Structures are given as structure tokens and as C-alpha cells.
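Worksheet: the structure to be examined is printed underneath.
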């Protein structure tokens with residue numbers, strides 16, 4: 001297998017952290033989003049949707065979309081389980097993972113992509129060019145703030161995002177917290193639950209993946 | 210089990226069509242998004258993220274997020290399989306389902322929620338109110354048009370969205386095509402692959418779910 005990666009970007013980091021938790025190693029090729037290398041013919045032939053991560057299987061199949069890649073890897077190497085064992089647990093973990101994506105990570109991305117000078121005309125991932133929309137910066141920041149509240153509330157109910165153990169939802173939330181620093185946001189001083197959880201997750205070897 | 214539903218909305222329809230394919234039946238309660246009933250205390254207590262669908266399990270657990278609910282139901286009743294059997298097929302189906310969501314359905318939703326008078330101050334699903342952003346209407350329409358091209362291209366490569374059989378990715382794409390009519394968009398006359406596929410999917414009993 002081989003991973004097409006960009007070290008700084010949040011989505012490939014989700015897959016790298018997932019791999020580290022499972023002890024999966026594979027060759028990694030950097031696709032330099034900083035020079036828009038994902039739009040070069042070479043990479044478009046690999047992933048026409050021009051995004052990383054992309055995983056090449058041993059049979060030469062290409063898988064894209066972070067969550068899909070993680071489901072593939074969990075199927076290949078079920079332990080340690082990160083996606084649930086019973087139908088209910090699988091559903092709950094996926095529910096929390098998507099809530100973190102939609103209620104937290106999406107707002108951060110919205111604020112970031114519509115304000116950063118490197119993303120002029122690239123406000124949406126994909127082959128089409130779209131200009132930045134200034135109104136989305138404020139909206140994204142407001143959504144990100146709400147996401148930090150949601151995260152702290154949830155971590156007051158449960159030790160980890162999806163319940164009483166570490167799962168893919170913690171990976172997504174942890175990487176989203178790192179991504180939030182790109183727009184200079186972080187948990188508030190009173191987000192004690194989030195601080196406790198961040199300390200726990202940061203101490204895992206996979207946190208540096 | 211019990212499904213909290215809103216008959217007209219696209220996401221609950223994804224779950225109903227998934228259930229119909231599996232022959233799963235359960236009591237359904239309508240949450241009238243037309244009168245913003247999802248924001249009433251009664252429903253906020255059920256789903257604090259104020260969206261349908263939500264599924265109540267026999268043990269009283271609440272699951273939300275269409276895809277998470279479908280994964281739960283697939284676990285309870287594996288046949289007919291709609292989410293893949295091998296790790297690779299699971300990954301491919303999830304990849305295509307997410308591509309349809311992100312490259313097609315998201316654009317339609319963007320155009321719809323930012324233009325429809327019933328969604329003034331409700332341009333984003335969730336507890337927070339956000340004003341409509343007129344620039345997102347044009348951007349959403351452009352993304353939806355690109356989504357129709359993508360769909361037709363894909364259906365030139367494969368009989369169904371994720372490959373040679375019907376899966377959840379076809380459900381998502383079929384419901385997205387119905388949703389597109391809300392912004393008066395549909396496949397172009399030259400989208401012969403999409404027309405062929407739409408005829409096939411429309412003939413399934415689950416299409417009226």
C-alpha cells in the first residue's frame with residue numbers, strides 16, 4: 001500500500017493517526033498542496049477529485065476520502081478496534097464522527113479557506129475554482145466557536161467523544177482542534193473537559209503522526 | 210425501533226429508502242420542519258442537533274446522522290448488503306457515497322438553503338441561526354451542475370455508482386437528484402448514462418419510500 005499525503009493538512013493527518021493507532025506503516029508520497037500539486041496531471045490521474053489523502057492498495061486500486069480509507073484499513077486490520085464492534089456502537093461512533101465533522105471541522109474549514117491568501121479562488125476543495133466569500137469567514141468562526149462548546153459539553157458527558165473508549169471520533173476531533181489553530185482558535189479557559197481530553201489524547205504516541 | 214422523519218426532506222428519505230431495500234418497517238413520527246418543529250423542546254430533547262432523521266432503538270438509544278443510522282441497520286440486518294462485504298468494497302462504497310454527498314448533494318443544499326424563503330436565518334442545519342448568503346446560491350448551483358457532470362461520467366464507467374451492484378451510494382445519488390428538483394435542476398438531455406440509471410433506480414419499489 002501507499003499513502004498520498006500532505007503533511008500539514010488535517011484530513012491526511014486523520015488517516016496517519018488512524019494508521020499509527022493500528023501500527024500500520026506504508027510508503028508515503030507527499031503531494032504539495034502549497035504549490036497546488038494536486039491539480040497537476042500526474043495527481044489528477046490518481047485522484048480526479050484532487051484531494052489528499054488517497055490510498056493505493058496492493059492491487060493498485062485507489063481509495064479516497066479519509067473515512068473510507070479508515071474503514072478499509074479497519075477491515076484489513078481489525079485490532080485495535082476504532083470503528084465499533086456491535087451494530088449500535090458502530091452507529092454511535094459514526095454518528096459522533098460526523099457530528100464532529102459537520103458541527104466543528106466544517107466551520108473551521110469555512111473560515112480558513114475563505115480567508116487564507118493561499119486559497120484565493122480555491123475556497124472549495126475540488127476541480128472547480130470558486131472565489132472566497134468574505135461572509136463565510138465570520139460564519140465559519142461562529143460555527144467553530146459553537147463547535148468548541150459542543151465538544152466541551154460532550155466531554156462532560158463522556159470520557160471520549162463516542163463514549164468510554166478512544167475511537168476514530170477522537171482522532172477527528174483532535175485533528176480539528178489542531179486545524180482550529182490555523183484560524184487562531186482554541187478551547188476557552190473554562191473548557192475544562194476539553195483540556196482534560198486534549199491532555200489525554202496528546203499523550204498518545206499517535207498524536208505526533 | 211422508531212424513526213423520526215420529515216417526509217419531504219432528503220436525508221430522512223435516504224434512511225427510508227435504505228429500510229425499504231431491506232424490508233425493515235418501524236413506526237414513524239413526523240417532525241414538521243415546515244413549522245420548525247425540530248426546534249421545539251420536545252424534539253431538542255430527542256436530538257439536540259435538531260435534525261431528522263433520528264432513530265430510537267428498542268433500548269431507547271437515539272442515533273442520528275443518516276449514514277450512521279444506515280450502518281446500524283445494516284448491522285442488525287445484513288441482507289441484502291448495501292454497504293459492502295470485503296474491506297475494499299466497503300471502502301469503495303463509502304468513498305462513492307461521500308463523493309456524492311460532497312460533490313453533488315452539498316452544492317444543491319447550499320443553493321437551496323440560501324435562496325428558499327422558508328430558510329431565512331436558517332441557512333445552516335443546527336441550533337444556531339445564520340442568515341442566507343446570496344453568493345452561495347450561485348456557487349451552489351455551479352457545484353450542483355458539476356455534480357451532474359460527475360454523476361454522468363461515473364455512470365459511464367460503471368453500471369451503479371459504486372460499481373456493478375446497487376448500494377447506499379445509489380440511494381444517496383437518487384435522493385440528491387430528487388432534491389435538485391427543488392432548485393429546478395436535473396440531468397441534461399445529453400446525460401444518457403444518468404437517464405439510464407435513473408430509469409433503473411426509479412423502477413425499484415424502494416424509490417417511492
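Protein chains in written order, with the working numbering: chain D, 1 to 209; chain L, 210 to 418. The beta carbon of each residue, even a glycine, is placed where N, CA and C say it ideally should be. This structure is a prediction, so every number in the text was calculated from the model and none was measured.
Exercise. Should residue 7 of chain D be labelled buried (16 or more other beta-carbon atoms within 10 Å of its own) or exposed?
Worked result: Looking up residue 7 of chain D in the first chain gives position 7. Classification of residue 7 of chain D: exposed, given that the 10 Å Cβ count is below 16.
For this session: Kindly list the residues whose CB is nearer than 7 Å to the CB of residue 180 of chain D, restricted to its own chain and excluding five residues on each side of it in sequence; keep chain order.
Result: Here residue 180 of chain D refers to the residue found at position 180 when the first chain is read from its first residue. For residue 180 of chain D, where only same-chain residues beyond five positions count, the Cβ hits under 7 Å are 108, 144 and 186.
Problem set entry | Members of the segment 118–133 of chain D that neighbour chain L once the beta carbon cut-off is set at 9 Å | 123, 124, 125, 126, 127, 128, 130, 131 and 133
For this session: Can you give me the Cβ contacts of residue 47 of chain D inside the same chain, cut-off strictly under 8 Å, excluding the 5 residues immediately before and after it?
Result: Indexing the first chain from 1 puts residue 47 of chain D at position 47. Same-chain partners within the cutoff: 4, 38, 54, 62 and 64.
Problem set entry | Neighbouring residues, chain D, relative to residue 280 of chain L (Cβ below 8 Å) | The sequence position of residue 280 of chain L within the second chain is 71, counting from 1. What residue 280 of chain L touches in chain D: 87, 90, 91 and 94.
For this session: Please go through the segment 214–263 of chain L and give each complete alpha helix (DSSP H) segment of 4 or more residues, from N-terminal end onward.
Result: 219–231 and 250–255
Problem set entry | Residues near residue 364 of chain L by beta carbon distance below 8 Å, same chain, minus five either side | For the purposes of this step, residue 364 of chain L is taken as residue 155 along the second chain, with counting starting at 1. So the qualifying residues of the chain are 370, 402, 403, 405 and 406.
Problem set entry | Of the residues L:222, L:413 and L:332, the one placed nearest residue 345 of chain L, counting alpha carbons only | As a position in the second chain, residue 345 of chain L is number 136, starting the count at 1. For residue 345 of chain L, the nearest C-alpha among the options comes from L:332.
For this session: Step through the CB atoms of chain D and report whether any lies within less than 8 Å of the CB of residue 274 of chain L.
Result: Counting from one through the second chain, the residue named residue 274 of chain L turns up at place 65. Yes, residue 274 of chain L counts as interfacial toward chain D.
Problem set entry | Beta-carbon neighbours of residue 266 of chain L, restricted to chain D and to distances below 7 Å | Residue 266 of chain L sits at position 57 when you count from the first residue of the second chain. In chain order: 88.
For this session: Pull out every residue of the segment 43–55 of chain D whose Cβ sits closer than 7 Å to any Cβ of chain L, in chain order.
Result: 49
Exercise. According to the neighbour-count rule (16 or more other Cβ atoms, all chains shown, within 10 Å of its Cβ), is residue 329 of chain L buried or exposed?
Worked result: Your numbering for residue 329 of chain L matches position 120 in the second chain. Result: exposed.
Exercise. Rounded to a whole number of angstroms, what is the C-alpha to C-alpha distance between residue 74 of chain D and residue 244 of chain L?
Worked result: Numbered from its first residue, the first chain carries residue 74 of chain D at position 74. Numbered from its first residue, the second chain carries residue 244 of chain L at position 35. C-alpha separation (whole angstroms): 42 Å.
Exercise. Under 8 Å between the Cβ atoms of residue 24 of chain D and residue 83 of chain D?
Worked result: In the first chain, counting from the first residue as 1, residue 24 of chain D sits at position 24. In the first chain, counting from the first residue as 1, residue 83 of chain D sits at position 83. Contact flag unset, no.
Problem set entry | Identity of the residues DSSP links to residue 369 of chain L by a beta bridge | Walking along the second chain from the start, residue 369 of chain L turns up at place 160. L:372.
Exercise. When you check each C-beta in the segment 346–364 of chain L against every C-beta of chain D, which residues fall closer than 8 Å?
Worked result: 348, 351, 352 and 355
Problem set entry | Neighbour list for residue 214 of chain L in chain D, Cβ cutoff strictly below 7 Å | Here residue 214 of chain L refers to the residue found at position 5 when the second chain is read from its first residue. Under the 7 Å cutoff, chain D gives no residues; its nearest Cβ is about 17 Å from residue 214 of chain L.
Exercise. Considering only C-alpha positions, which residue in the set D:87, D:19, D:52 and D:93 is nearest to residue 165 of chain D?
Worked result: Numbered from 1 along the first chain, position 165 holds the residue referred to as residue 165 of chain D. Measuring from the Cα of residue 165 of chain D, the nearest candidate turns out to be D:93.
Problem set entry | Bridge partners - residue 3 of chain D, DSSP secondary structure assignment | Taking the first residue of the first chain as 1, we reach residue 3 of chain D at position 3. DSSP lists D:28 and D:55 as partners of residue 3 of chain D.
Problem set entry | DSSP state of residue 273 of chain L mapped onto helix, strand, coil | Here residue 273 of chain L refers to the residue found at position 64 of the second chain. Reduced to three states, the DSSP call for residue 273 of chain L is strand.
For this session: Take residue 339 of chain L as the anchor and find which of L:416, L:309, L:350 and L:327 has the nearest alpha-carbon.
Result: Start at 1 with the first residue of the second chain, and residue 339 of chain L comes out as number 130. Cα-wise, what sits closest to residue 339 of chain L is L:327.
Exercise. In chain order, what residues of the same chain have a beta carbon less than 7 Å from the beta carbon of residue 96 of chain D, not counting five sequence neighbours either side?
Worked result: Taking the first chain and counting its residues from 1, one reaches residue 96 of chain D at position 96. Hits under 7 Å: 161, 162 and 169.
Exercise. Going along chain L in order, which residues have a C-beta closer than 8 Å to the C-beta of residue 158 of chain D?
Worked result: Here the question's residue 158 of chain D lines up with position 158 in the first chain. Per Cβ cutoff of 8 Å: no residues; residue 158 of chain D is ~13 Å from chain L at best.
Exercise. Just curious, the alpha helix (DSSP H) that residue 193 of chain D is in, first and last residue?
Worked result: Translated into the one-based positions of the first chain, residue 193 of chain D becomes position 193. Note, residue 193 of chain D: alpha helix (DSSP H), 192–202.
Exercise. Hey, would you say residue 211 of chain L sits closer than 8 Å to residue 289 of chain L, going by beta carbons?
Worked result: One-based indexing of the second chain puts residue 211 of chain L at position 2. One-based indexing of the second chain puts residue 289 of chain L at position 80. Their beta carbons are not under 8 Å apart, which means residue 211 of chain L does not touch residue 289 of chain L by this criterion.
Exercise. Between residue 57 of chain D and residue 100 of chain D, what straight-line distance do the alpha-carbon atoms span, to the nearest angstrom?
Worked result: Here the question's residue 57 of chain D lines up with position 57 in the first chain. Here the question's residue 100 of chain D lines up with position 100 in the first chain. When rounded, the distance between both Cα atoms is 28 Å.
For this session: Express the C-alpha separation of residue 19 of chain D and residue 385 of chain L in angstroms, rounding to a whole number.
Result: Residue 385 of chain L sits at position 176 when you count from the first residue of the second chain. Residue 19 of chain D sits at position 19 when you count from the first residue of the first chain. Going by the C-alpha atoms only, they are around 33 Å apart.
Exercise. Hey, quick one: how far does the alpha helix (DSSP H) through residue 293 of chain L stretch, first residue to last?
Worked result: As a working note, residue 293 of chain L is residue 84 in the second chain. Where residue 293 of chain L is concerned, there is no enclosing alpha helix (DSSP H), given that its DSSP letter is neither H nor E.
For this session: Measure how close the beta-carbons of residue 313 of chain L and residue 356 of chain L come, nearest whole angstrom, since I'm counting them as under 8 Å.
Result: Numbered from 1 along the second chain, position 104 holds the residue referred to as residue 313 of chain L. Numbered from 1 along the second chain, position 147 holds the residue referred to as residue 356 of chain L. Yes, they are in contact, since the Cβ atoms of residue 313 of chain L and residue 356 of chain L sit about 3 Å apart, within 8 Å.
For this session: Would you mind reading off the limits of the alpha helix (DSSP H) that contains residue 172 of chain D?
Result: Your numbering for residue 172 of chain D matches position 172 in the first chain. From DSSP, the alpha helix (DSSP H) with residue 172 of chain D extends over 168–180.
For this session: Answer yes or no: does any C-beta atom of chain D fall closer than 8 Å to that of residue 312 of chain L?
Result: On the second chain, position 103 is the one that residue 312 of chain L refers to. Judged by the 8 Å Cβ criterion, residue 312 of chain L is in contact with chain D.
Exercise. Alpha helix (DSSP H) containing residue 113 of chain D: first to last residue?
Worked result: Sequence index remark: in the first chain, residue 113 of chain D carries index 113 (1-based). It spans 106–113 - the alpha helix (DSSP H) in which residue 113 of chain D sits, taken as one unbroken run.
For this session: Step through the CB atoms of chain L and report whether any lies within less than 8 Å of the CB of residue 99 of chain D.
Result: By 1-based counting over the first chain, the position of residue 99 of chain D is 99. Interface residue, yes.
Exercise. So, does the CB of residue 68 of chain D fall closer than 8 Å to a CB anywhere in chain L?
Worked result: Counting from one through the first chain, the residue named residue 68 of chain D turns up at place 68. Answer yes: the Cβ-Cβ gap between residue 68 of chain D and chain L drops below 8 Å somewhere.
Problem set entry | Where residue 139 of chain D sits in the DSSP three-state scheme | In the first chain, the residue the question calls residue 139 of chain D occupies position 139. The answer is helix: DSSP assigns residue 139 of chain D an H, G or I state.
Exercise. Under a Cβ-count criterion, where at least 16 other Cβ atoms within 10 Å of its own Cβ denotes burial, should residue 77 of chain D be classed as buried or exposed?
Worked result: Your numbering for residue 77 of chain D matches position 77 in the first chain. Flag for residue 77 of chain D reads exposed.
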